[in-house]
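Shown next, in structure tokens, is the structure this report addresses.
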Amino acid sequence: MARLNRKTYHPAEAEEHRACSICQDEYAEGDLLGKLDCGHDYHFECIKQWLMRKNSCPMCRHRAVAI
1 MARLNRKTYH
11 PAEAEEHRAC
21 SICQDEYAEG
31 DLLGKLDCGH
41 DYHFECIKQW
51 LMRKNSCPMC
61 RHRAVAI
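Residues in the sequence shown are numbered from 1 upward in steps of one, following this note's numbering.
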């Protein structure tokens, strides 16, 4: 699998209340997120499992990561 960009969630830096579109759980302070090339992000473990099946963003369907 290509390298997935990672970031740590900090609510103070978020522009709006955020939740993972895959599992529907709200992000919590310190959660590890995986950020796709299209700019969408998800819980790291959620998107890692998703990318094992498809290399597309669950939201916009663009190619998720360059391979």
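Think of the CB as a built atom: it goes at the ideal place given N, C-alpha and C, for glycine as much as any other residue.
Small disclaimer: the values here were computed from a predicted structure and weren't measured.
For this session: List the whole-angstrom C-beta distance separating V65 from L33, where the pair is believed to meet the contact cut-off of C-beta under 8 Å.
Result: The Cβ separation is near 14 Å, so there is no contact.
Problem set entry | Three-state secondary structure assigned by DSSP to R18 | In the three-state reduction of the DSSP assignment, R18 falls in the coil class.
For this session: Please name the residue in K54, W50, G39 and Q49 whose C-alpha comes closest to that of N5.
Result: Closest by C-alpha distance to N5, out of K54, W50, G39 and Q49, is G39.
For this session: Express the C-alpha separation of R3 and A19 in angstroms, rounding to a whole number.
Result: The alpha-carbon atoms of A19 and R3 are separated by roughly 23 Å.
Exercise. How big is the Cα-Cα spacing for E26 and C60?
Worked result: If you draw a straight line from the Cα of E26 to the Cα of C60, it comes to about 20 Å.
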